[in-house]
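Visitor:
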Amino acid sequence: MKTLLLALLASAHLLGQPAVTEELLNDAASDFQAHQPPTPIDIRNLRLGYIPNGDGRNYLICGEFLTAANPDWVPFSTIKTSGYEQSLGANATALCNRPQAVWEEGHDLSVDLKAKLGLK
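With the numbering used here applied, the sequence shown covers 1223 to 1342.
1) Between the C-alpha atoms of residue 1263 and residue 1322, what's the straight-line distance to the nearest angstrom?
2) Use the C-beta contact count for residue 1304: other C-beta atoms within 10 angstroms, 16 or more gives buried, fewer gives exposed.
3) Buried or exposed for residue 1251, please, with buried defined as at least 16 other CB atoms from any protein chain shown within 10 angstroms of its CB.
4) Would DSSP call residue 1336 helix, strand or coil?
5) Output the distance between the C-alpha atoms of residue 1314 and residue 1308, rounded to the nearest integer angstrom.
6) So residue 1300 is in the alpha helix (DSSP H); what residue range does that whole segment cover?
7) Cα-Cα, which of 1331, 1295, 1342 is closest to residue 1260?
8) Given a cut-off of 9 Å on the beta-carbon distance, is the pair residue 1280 and residue 1265 in contact?
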C-alpha cells in the first residue's frame, strides 16, 4: 500500500511540470524534422515520465511512430539532459523499459506532438 501511495504521489508530481513537457515535445518535434528520414506519419502511446538519478530526475517522453515506408511502429524516446537526446528502436525501448522509471498515468501526449509535427 505504501509503495502504491508513493507511486501515485510521484506520478501526480509530473502533472506539475508543464514547462518540462513542452520542452520535451519541442525537442522531439525538432529532432524528427531535422533528421529525415525516417519521416513520421503518425504518433501513438506518448507518455511523460522520469528516471531518478543522483542529482534528481531525468525527464523523458516515450512513444511510437509510424512511417509511410515501414508498416511497423518504431519506439522512440526523448530525454532531457543538458540539452536532449532522442533514441529510436531498441535503444529507446531499453530506456523506456527501465524498472526505475516513473510514468504519468492517464495522459497520452500523442496529439500534442502530432500538432507540432503538422500531423492529423
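For glycine and all other residues, C-beta sits at the position ideal for the given N, C-alpha and C.
Guide: Reading from the atomic positions:
1) The residue given as residue 1263 occupies position 41 in the sequence shown. The residue given as residue 1322 occupies position 100 in the sequence shown. Rounded to whole angstroms, residue 1263 to residue 1322 spans 31 Å at the Cα level.
2) Residue mapping note: residue 1304 aligns to position 82 of the sequence shown, counting from 1. Exposed, since its Cβ has fewer than 16 Cβ neighbours within 10 Å.
3) One-based indexing of the sequence shown puts residue 1251 at position 29. Classification of residue 1251: buried, given that the 10 Å Cβ count is 16 or more.
4) Numbered from 1 along the sequence shown, position 114 holds the residue referred to as residue 1336. Looking at residue 1336 - three-state DSSP - the assignment turns out to be helix.
5) In the sequence shown, the residue the question calls residue 1314 occupies position 92. In the sequence shown, the residue the question calls residue 1308 occupies position 86. Taking the straight line from one Cα to the other gives about 8 Å.
6) The residue labelled residue 1300 in the question sits at position 78 within the sequence shown. Not the alpha helix (DSSP H): residue 1300 falls in the beta strand (DSSP E), residues 1292–1302.
7) Your numbering for residue 1260 matches position 38 in the sequence shown. If we check each option's Cα against that of residue 1260, 1295 comes out closest.
8) Here residue 1280 is taken as the residue at index 58 of the sequence shown, counted from 1. Here residue 1265 is taken as the residue at index 43 of the sequence shown, counted from 1. Contact flag unset, no.
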